[in-house]
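All remarks here apply to the structure that follows.
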Amino acid sequence: SFPQQGGDVELQTIAWRSPVEGEVVVKVIACGISNDMVTKDQSLGEIQYPLIPGHELIGDMCMFGPKEQKWKEGDRVGGSWHG
């Protein structure tokens with residue numbers, strides 16, 4: 001993540017929790033970071049830090065909250081941010 005504006009990128013470990021109802025966990029295979037998302041000076045406007053870059057992904061479903069019926073382990077999914 002970028003812990004603060006203008007700072008260097010840092011590898012961080014976050015606390016894990018199991019998914020709750022309505023949540024899924026995706027094992028990310030690939031993630032894109034567009035050049036419009038991260039600029040040299042990180043002048044992205046009103047951004048909350050720490051910033052975890054990456055908003056386009058593809059991966060496999062691996063964990064689910066209770067009562068999940070749509071997805072199964074190993075399903076390939078993709079996602080993108082549309083603002």
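Residue 77 in UniProt numbering sits at position 77 of the sequence shown; the count goes up by one each step and never skips.
Note that the Cβ used here is the ideal one computed from N, Cα and C, for glycine as well.
- Ranking 6, 21 and 29 by CA distance to the CA of residue 70 puts 21 first.
- At least 9 Å separates the beta-carbon of residue 53 from that of residue 4.
- Rounded to the nearest whole angstrom, the C-alpha separation of residue 63 and residue 2 is 27 Å.
- Within its own chain, the residues whose Cβ lies closer than 6 Å to the Cβ of residue 58, once the five positions on either side in sequence are excluded, are 29, 30 and 78, listed in chain order.
- Taking the CA atoms as reference points, residue 25 sits about 12 Å from residue 68.
- Among the bridge pairs identified by DSSP, residue 31 is matched with 57.
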